[in-house]
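Reviewing the structure listed below.
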Amino acid sequence: MPLILILFECGIELIPKNIRDHPAVKKNFSSRIYSSQLLDNTLHFSAMKNLRNREKRGRPDITHSCLLNALGSPLNNNGNLKLYIHTINGKIFEFNPEIRIARNYNRFKGLMAKMLIDGSIVTENLKLISSFKGTLKDLIDKFNTTKVYLFSSKGSLINDYKQLFTEDILTNYVTIIGGFQKSSFSKNILNLSENLISISKYPLDAWVVTNRIITYYELTYGIL
Ligand SMILES: C[S@@+](CC[C@H](N)C(=O)[O-])C[C@H]1O[C@@H](n2cnc3c(N)ncnc32)[C@H](O)[C@@H]1O
506 MPLILILFEC GIELIPKNIR DHPAVKKNFS SRIYSSQLLD NTLHFSAMKN LRNREKRGRP
566 DITHSCLLNA LGSPLNNNGN LKLYIHTING KIFEFNPEIR IARNYNRFKG LMAKMLIDGS
626 IVTENLKLIS SFKGTLKDLI DKFNTTKVYL FSSKGSLIND YKQLFTEDIL TNYVTIIGGF
686 QKSSFSKNIL NLSENLISIS KYPLDAWVVT NRIITYYELT YGIL
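Heads up, the sequence shown is in my numbering, so the first residue is 506 and it goes up one at a time.
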């Protein structure tokens with residue numbers, strides 16, 4: 506069975522209406538160019554000053570790096586990764602293992618804006634990104650498992666990766682990594698699992714953790 510990986514509270518959203526008239530937004534915005542409609546802290550920093558929760562918002566670059574790491578892994582090639590992003594606004598999307606995410610950041614932003622506007626990304630015969638209708642808890646419940654791991658630098662440190670995936674390969678493991686740069690998990694997610702796990706004595710970037718968790722899983726089950 507697959508490793509289920511959820512990138513939680515990713516800074517992926519369309520530019521909020523209340524800052525659309527700000528000069529920093531107007532400068533780049535075009536209703537004909539998808540990528541210009543996505544909130545991006547690098548371009549919209551001054552317009553974001555008064556946004557609630559702003560330290561977690563406008564960071565498509567973090568999601569981009571995590572997705573490239575996850576989708577390019579042997580585990581994904583082998584068909585054993587189930588990948589979701591949960592956005593800062595609570596929307597959840599599932600990525601088809603066969604999707605080829607643009608390496609170019611601007612093209613990636615365009616894809617994310619289109620996904621949010623249309624609710625999915627489909628080609629003629631394939632659903633590449635689909636929306637999951639429900640909450641994070643609904644999604645986790647779907648996998649009917651007690652093995653739900655929240656990864657955090659504040660969790661209990663594991664000394665050996667072999668301590669993580671101890672059940673046989675048929676077990677569903679749900680792993681949750683924060684898709685943000687600063688701040689920590691909001692309280693409601695901490696109620697979803699008692700397993701708060703740290704994999705290093707250092708706080709790491711989300712894409713490093715993504716890569717490591719997948720690698721640990723691959724090494725445990727001999728997927729190379
Ligand atoms: C850049 S961090 C978020 C900021 C925060 N300083 C932290 O470490 O929780 C992004 C995500 O990477 C994961 N992460 C970072 N350091 C970790 C560690 N030492 N062990 C496990 N997960 C970690 C967590 O899921 C975190 O939400």
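Heads up, the beta-carbon is just placed ideally off N, CA and C, and yes, glycines get one too.
Next item on the list: List the residues that DSSP assigns as beta-bridge partners of L586.
Entry: Answer is L508.
Notebook entry, point to check: How long is the line joining the alpha carbons of K706 and I604, rounded to whole angstroms?
Noted result: Rounded to the nearest whole angstrom, the CA to CA distance from K706 to I604 is 34 Å.
Notebook entry, point to check: For the candidate residues V679, S658, E629, I622, whose alpha-carbon lies nearest to that of K647?
Noted result: For K647, the nearest C-alpha among the options comes from V679.
Next item on the list: Identify whether S688 lies in helix, strand or coil by the three-state DSSP scheme.
Entry: In this structure, DSSP gives S688 a state outside helix and strand, which the three-state scheme calls coil.
Notebook entry, point to check: Of all the options H569, N611, E560, G584, which has the alpha carbon lying nearest to the alpha carbon of L512?
Noted result: It is H569 whose Cα lies nearest to the Cα of L512.
Margin query: So the candidates are C571, T715, L616, F600; which of them puts its Cα closest to the Cα of A607?
Written below: Nearest to A607 by C-alpha distance, out of C571, T715, L616, F600, is L616.
Notebook entry, point to check: Are C515 and W712 closer than 7 Å when you measure CB to CB?
Noted result: At the C-beta level, C515 and W712 stay beyond 7 Å of one another.
Margin query: I'd like to know whether the C-beta atoms of I787 and P565 end up nearer to each other than 7 Å.
Written below: Here the chain covers residues 506 to 729 and nothing more, so residue 787 does not appear.
Check: In chain order, what residues of the same chain lie with their CB nearer than 6 Å to the CB of N581, ignoring the 5 residues before and after it?
Finding: P602, listed in sequence order.
Notebook entry, point to check: Can I593 and R557 be called in contact, C-beta distance under 7 Å?
Noted result: It is not a contact, given that the beta carbons lie outside the stated cut-off.
Next item on the list: Kindly indicate which three-state DSSP category G683 falls into: helix, strand or coil?
Entry: Of the three classes helix, strand and coil, the one that applies to G683 here is strand, per DSSP.
Checklist line | DSSP-derived helix/strand/coil call for F656 | finding: Here F656 carries a strand assignment [DSSP, helix/strand/coil].
Margin query: Taking the beta carbon of I538 as the centre, do at least 16 other beta carbons fall within 10 Å, making it buried, or is it exposed?
Written below: When all chains shown are included, I538 counts as exposed.
Notebook entry, point to check: Does the distance from the C-beta atom of P579 to that of L701 stay below 7 Å?
Noted result: The answer is no: Cβ separation not under 7 Å.
Notebook entry, point to check: Can you give the Cα-Cα distance for P708 and K596, rounded to whole angstroms?
Noted result: Straight through space, the alpha carbons of K596 and P708 are spaced by roughly 26 Å.
Notebook entry, point to check: Which word fits D643, buried or exposed, when buried means at least 16 other C-beta atoms lie within 10 angstroms of its C-beta?
Noted result: Answer is exposed; the Cβ neighbour count stays below 16.
Check: DSSP three-state call for Y678: helix, strand or coil?
Finding: Looking at Y678 - three-state DSSP - the assignment turns out to be strand.
Next item on the list: Please look up how many angstroms separate the CB atoms of N533 and L519, rounded, as I've assumed it's under 8 Å.
Entry: That belief does not hold up - the Cβ atoms of N533 and L519 are roughly 13 Å apart, past 8 Å.
Next item on the list: Below 8 Å CB to CB, which residues in the same chain sit around E723 once its five sequence neighbours on both sides are set aside?
Entry: Within its own chain, the residues whose Cβ lies closer than 8 Å to the Cβ of E723, once the five positions on either side in sequence are excluded, are S578, P579, L580, L729, listed in chain order.
Notebook entry, point to check: Going by beta carbon distance, what residues of the same chain come within less than 6 Å of I524, once the five residues before and after it are set aside?
Noted result: Excluding residues within five positions, the ones whose Cβ falls inside 6 Å are V530, A552.
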